[in-house]
Amino acid sequence: NAGVMQNPRHLVRRRGQEARLRCSPMKGHSHVYWYRQLPEEGLKFMVYLQKENIIDESGMPKERFSAEFPKEGPSILRIQQVVRGDSAAYFCASARQGAVDYEQYFGPGTRLTVT
Amino acid sequence: GQQVMQIPQYQHVQEGEDFTTYCNSSTTLSNIQWYKQRPGGHPVFLIQLVKSGEVKKQKRLTFQFGEAKKNSSLHITATQTTDVGTYFCAGRLGSGNTGKLIFGQGTTLQVKP
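Structure (structure tokens):
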């Protein structure tokens, strides 16, 4: 049973380009969370999605960032017109359900570097 | 907004010494989870505490959840070099929460052999 998969593992973008980060949850999991981790810091919640629905996007920056989790395929975190401050590790986590009692399984992360 | 504070930020110990990290929330939590992240790795779930005053043990690791469900601690007895990494607590809020985790800043543990 494969774990949470994320790709690419490393992504380099120049300022102004777009970054697309993909996350495939564990088999049987229909809840996906995205987190951002800056160097030497903890993880900051960004968005929580179920299939075809955004449940909680309270941690998403208002501009340039969007996320989706289509009926088929992986969840996508999209960052338009990247800036240097977007450089971070982006982790997605999946859970069997979104209720409070379920642990989240993290993927290996995508390390985004904006030059 | 809701915050989860974790101290200390860094801890260096000699192999065999004990280690403790503390986690405090500004609001009551429905549960708290602990994760370990090795350098360059991703967070790995360790345990979840749900009940007020709950204590759980995993070999040399002891986890506690405070009576008021606003603080928690992780204690490692007789550290080993394999314990190196950053330990995060992550709290979930109560009613109406969507399951998102609020992470502490983490405590990075270095163990000298």
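As they're listed, the protein sequences go chains A and B.
The opening residue of the first sequence carries number 12 in our numbering; numbering runs sequentially from there.
The opening residue of the second sequence carries number 57 in our numbering; numbering runs sequentially from there.
Just so you know, even glycine gets a beta-carbon here, dropped at the ideal spot from N, CA and C.
Who are residue i's beta bridge partners in DSSP?
i	result
Ser35/A	Met16/A
Tyr113/A	Note: Tyr113/A sits in no beta bridge, so no partner.
Val58/A	Trp45/A
His131/B	Thr76/B and Thr118/B
Arg89/A	Arg31/A and Ser77/A
Gln65/B	Gln65/B is not bridged to any residue.
Val100/B	Lys92/B
Leu22/A	Leu123/A
Asp97/A	Asp97/A is not bridged to any residue.
Gln70/B	Lys168/B
Arg148/B	Asn87/B
Gly53/A	The partner list for Gly53/A (beta bridge, DSSP) is empty, contrary to what the question assumes.
Return the chain-ordered list of same chain residues with a C-beta closer than 6 Å to the C-beta of residue i, the five sequence neighbours on each side being excluded.
i	result
Gln91/A	Glu29 and Arg75
Val106/B	Asn87
Gln89/B	Gln104 and Ala146
Skipping 5 residues on each side, what residues in its chain have a beta carbon closer than 7 Å to that of residue i?
i	result
Val43/A	Cys34, Pro36, Leu60, Phe80, Ser86, Cys103 and Ser105
Glu185/B	Past the edges of chain B, shown from 57 to 169, lies residue 185/B, and the structure says nothing about it.
Gln161/B	Gln62 and Gln65
For residue i, which residues in chain B fall below 9 Å Cβ to Cβ?
i	result
Phe117/A	Tyr91, Gln93, His98, Pro99, Val100 and Phe101
Phe56/A	Lys156, Leu157, Ile158 and Phe159
Considering only residues of the same chain and omitting the five flanking positions on each side of residue i, which have a CB-CB separation below 8 Å?
i	result
Ala78/A	Trp45, Met57, Val58, Leu60, Ile65, Glu68, Met71, Ser86, Ile87, Leu88 and Arg89
Arg148/B	Leu85, Ser86, Asn87, Ile88, Gln89, Gly155, Lys156, Leu157 and Ile158
Run through chain B and tell me which residues come within less than 7 Å of residue i, C-beta to C-beta.
i	result
Glu52/A	Gln161
Gly133/A	Chain A is shown from 12 up to 126; residue 133/A falls before or after that span and cannot be answered.
Asp97/A	The contacting residues do not exist; Asp97/A stays about 19 Å from chain B at best.
Taking residue i as the query, report the chain A residues whose CB atoms sit under 8 Å from its CB, ordered along the chain.
i	result
Lys113/B	Here the premise fails: no neighbours, minimum Cβ distance about 18 Å.
Compare the beta carbon distance of residue i and residue j with 9 Å and say whether it is the shorter of the two.
i	j	result
Thr83/B	Thr163/B	no
Lys38/A	Gln48/A	no
Ile158/B	Ser108/B	no
Val60/B	Phe117/A	no
Lys115/B	Ile103/B	no
Lys156/B	Gln70/B	no
Val94/A	Leu123/A	no
Thr126/A	Arg20/A	no
Thr138/B	Leu117/B	no
Given that residue i touches chain A, what residues does it touch there, using C-beta distances under 9 Å?
i	result
Phe144/B	Gly53 and Leu54
Using a cut-off of 8 Å between C-beta atoms, extract the partners of residue i located in chain B.
i	result
Phe102/A	His98 and Pro99
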